[in-house]
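Enquirer:
There are 2 protein chains.
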Amino acid sequence: MKPALSDKTHKSAGPIVDESTLQGFLGYQLKRAFNVMQADLTQALKPHGLRMLTYTALILIADNPGLSQSQLAAAMDVERPNLVVILDALEHRALILRERVPSDRRTYALKVTLKGRQLYEKATADVKTHEQALLAGIDAATRKTVVEAMLLIRHRAAKDSL
Amino acid sequence: MKPALSDKTHKSAGPIVDESTLQGFLGYQLKRAFNVMQADLTQALKPHGLRMLTYTALILIADNPGLSQSQLAAAMDVERPNLVVILDALEHRALILRERVPSDRRTYALKVTLKGRQLYEKATADVKTHEQALLAGIDAATRKTVVEAMLLIRHRAAKDSL
DNA sequence: TATTGTTATACTCTATAACTATA
DNA sequence: TATAGTTATAGAGTATAACAATA
Chain A
12 MKPALSDKTH
22 KSAGPIVDES
32 TLQGFLGYQL
42 KRAFNVMQAD
52 LTQALKPHGL
62 RMLTYTALIL
72 IADNPGLSQS
82 QLAAAMDVER
92 PNLVVILDAL
102 EHRALILRER
112 VPSDRRTYAL
122 KVTLKGRQLY
132 EKATADVKTH
142 EQALLAGIDA
152 ATRKTVVEAM
162 LLIRHRAAKD
172 SL
Chain B
12 MKPALSDKTH
22 KSAGPIVDES
32 TLQGFLGYQL
42 KRAFNVMQAD
52 LTQALKPHGL
62 RMLTYTALIL
72 IADNPGLSQS
82 QLAAAMDVER
92 PNLVVILDAL
102 EHRALILRER
112 VPSDRRTYAL
122 KVTLKGRQLY
132 EKATADVKTH
142 EQALLAGIDA
152 ATRKTVVEAM
162 LLIRHRAAKD
172 SL
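These protein sequences, in sequence, are chains A and B.
Take the first sequence: its letters are residues 12 to 173, numbered as in this note's numbering.
Take the second sequence: its letters are residues 12 to 173, numbered as in this note's numbering.
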């Protein structure tokens, strides 16, 4: 059952395009909304010289001092090689340190510097402000429902891959 | 207020990493869940030789016969140059046609071929099956709430950019 | 042997400028 | 001049194989 007129998109200067089939997929709705949120996040982080992935890494290192690159890559769900350039960017700005671990000289213990922690605080304040503005029309109960649904999707996928 | 133990991720073979700051961002939850859904979609489309963007274009052309590349690019929210390779892939497989428009020889009227429509039907059935499996633990009311929240995010962004 | 971090590489998606042909 | 489609190009994100150092 397709709605007659509701599932149409009116692009600013363009004509009406029928998106009803696509809009029937929750994954499509997720992608479009996430694209909006990522664009907003990119703007929030730009003054700090951070991108989504460098910011994510900075947060996880600050919240988990001493973790290794492999652990961080697993937590971020990125491949280990891809993390190298992300950490290089943070290290070159002296936001994090790669500290040698005497007990296992293969690994690095990742830690934020004072400068890194200060940037983390400032950037996080900005990101929160941006997100709250974007979500202003969505009440707390709805947000909670959305978050729980997202967690269910992640956990379902984890189960399916066993 | 951070939960004491709940916001932890237990990676299959890895240690526990504190993700609580990140999980406080709805955008982060969206990204992680979308990554899961996209991986699932990619698997569903692989047997058909389609990727997310080629599939999206195929759907929109099938549902909007005769639309132009500019209109399609606007509907998909991709830049016009990036659409060219997507349509090339579909056209080379004879799934769509670029028909010249006599009244305006600059534009193409995009249409699916019979083969394109048949693939659209088969692929869509598979994609629906995959998505339903992934969303099996989420009831209809929750899905509706999620979709409405995603639409609010998109519309809020549209307003903010005025 | 196995693991950590790294290099090299390639593929996809995305974004911008500039070209052509039409209008 | 303005628009539709295209080319060229560059930047990010992502994935795999293979290497050196270390366990």
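Virtual Cβ for every residue (Gly too), placed ideally from N, Cα, C.
Can you name the residues that DSSP bridges to B/Lys122?
Expert: B/Leu108.
Enquirer: Determine, for A/Arg154, whether the minimum Cβ-Cβ distance to residues of chain B falls below 8 Å.
Expert: Answer yes: the Cβ-Cβ gap between A/Arg154 and chain B drops below 8 Å somewhere.
Enquirer: Please work out which residues of its chain come closer than 8 Å, Cβ to Cβ, to A/Ala84, disregarding the five sequence neighbours upstream and downstream, and give them in chain order.
Expert: Around A/Ala84: Glu90, Arg91, Asn93, Leu94.
Enquirer: Are the C-beta of B/Leu145 and some C-beta of chain A separated by less than 8 Å?
Expert: Judged by the 8 Å Cβ criterion, B/Leu145 is in contact with chain A.
Enquirer: Using a Cβ-Cβ cutoff of 7 Å, what residues of the region 112–129 of chain B are near chain A? List them in chain order.
Expert: Cβ contacts with chain A come from no residue of the region 112–129 of chain B.
Enquirer: Looking at the C-beta of A/Leu163, does it have a partner C-beta in chain B at a distance below 8 Å?
Expert: True, the Cβ-Cβ gap to chain B drops below 8 Å.
Enquirer: Per DSSP, which one or two residues make a beta bridge with B/Leu78?
Expert: Note: B/Leu78 sits in a beta bridge opposite B/Leu121.
Enquirer: When you compare the CB of A/Val158 with every CB in chain B, is at least one pair closer than 8 Å?
Expert: True, the Cβ-Cβ gap to chain B drops below 8 Å.
Enquirer: For B/Ala168, decide whether its Cβ has a neighbour in chain A, counting only Cβ atoms nearer than 8 Å.
Expert: Yes, because at least one Cβ of chain A sits closer than 8 Å to the Cβ of B/Ala168.
Enquirer: For A/Asp74, tell me which candidate among A/Leu146, A/His59, A/Thr32, A/Thr135 has the shortest Cα-Cα distance.
Expert: Out of A/Leu146, A/His59, A/Thr32, A/Thr135, A/Thr135 has the C-alpha closest to the C-alpha of A/Asp74.
Enquirer: If I follow the unbroken alpha helix (DSSP H) through A/Glu90, where does it start and stop?
Expert: Careful: A/Glu90 lies outside any alpha helix (DSSP H) and carries neither H nor E.
Enquirer: Once DSSP output is grouped into helix, strand and coil, what is the label at A/Asp150?
Expert: Coil, per DSSP.
Enquirer: Say whether chain B places a C-beta atom closer than 8 Å to the C-beta of A/Asp8.
Expert: Examination of residue 8 of chain A is not possible in this model, given that chain A is present from 12 through 173 alone.
Enquirer: Which chain A residues are close to B/Glu90, counting only those with a beta carbon under 8 Å from its beta carbon?
Expert: Per Cβ cutoff of 8 Å: no residues; B/Glu90 is ~13 Å from chain A at best.
Enquirer: Please list the residues of the region 30–50 of chain B that have a C-beta atom closer than 9 Å to any C-beta atom in chain A, keeping them in chain order.
Expert: Under the 9 Å Cβ criterion, the region 30–50 of chain B contributes Glu30, Ser31, Thr32, Leu33, Gln34, Gly35, Phe36, Leu37, Gly38, Tyr39, Gln40, Leu41, Lys42, Arg43, Ala44, Phe45, Asn46, Val47, Met48, Gln49, Ala50.
Enquirer: Short of 8 Å in beta carbon distance, which residues of its chain neighbour B/Met63, apart from the five on each side in sequence? Order them along the chain.
Expert: The residues are Gln49, Leu52, Thr53, Leu56.
Enquirer: Check each candidate in A/Pro76, A/Leu146, A/Leu163, A/Ala100 and name the one with the smallest Cα separation from B/Val28.
Expert: It is A/Pro76.
Enquirer: Taking B/Ile149 as the query, report the chain A residues whose CB atoms sit under 7 Å from its CB, ordered along the chain.
Expert: Result: Ala160, Leu163.
Enquirer: In whole angstroms, what is the alpha-carbon distance linking A/Ala187 and B/Ser114?
Expert: No information on residue 187 of chain A is available, as it lies outside the stretch 12 to 173 that chain A covers here.
Enquirer: Which one of A/Ala147, A/His166, A/His141, A/Ala160 has the shortest CA to CA distance from A/Pro58?
Expert: Cα-wise, what sits closest to A/Pro58 is A/His141.
Enquirer: Where does B/Arg167 land, buried or exposed, given buried means 16+ other C-beta within 10 angstroms?
Expert: Label assigned to B/Arg167: buried.
Enquirer: Helix, strand or coil for A/Gly127? Go by DSSP, reduced to three states.
Expert: It is helical.
Enquirer: Between which two residues does the alpha helix (DSSP H) holding B/Leu61 run?
Expert: Unbroken run through B/Leu61: none, as it is neither H nor E.
Enquirer: If you measure between the beta carbons of B/Arg109 and B/Leu121, is that distance less than 8 Å?
Expert: Yes, Cβ-Cβ distance for B/Arg109 and B/Leu121 is below 8 Å.
Enquirer: Given a threshold of 16 other Cβ atoms within 10 Å of its Cβ, counted over all protein chains shown, does A/Lys155 qualify as buried or as exposed?
Expert: With fewer than 16 other Cβ atoms within 10 Å, it is exposed.
Enquirer: Let me know the secondary structure DSSP gives B/Met12 once reduced to three states.
Expert: Caution is warranted here: a pLDDT of 37 is assigned to B/Met12, below 50, making its placement in the model unreliable, and the coordinate value is therefore given only provisionally. Reduced to three states, the DSSP call for B/Met12 is coil.
Enquirer: Consult DSSP for B/Arg165 and reduce its assignment to one of helix, strand or coil.
Expert: B/Arg165: helix per DSSP, three-state reduction.
Enquirer: Would you mind telling me which residues of chain B sit closer than 9 Å to A/Asp74, beta carbon to beta carbon, in chain order?
Expert: What A/Asp74 touches in chain B: Val28, Asp29, Glu30, Ser31, Thr32, Leu33.
Enquirer: With a threshold of 7 Å on Cβ separation, who are the neighbours of B/Thr124 within its own chain once the five nearest residues in sequence on each side are excluded?
Expert: Result list for B/Thr124: Ala105, Leu106, Ile107, Leu108, in chain order.
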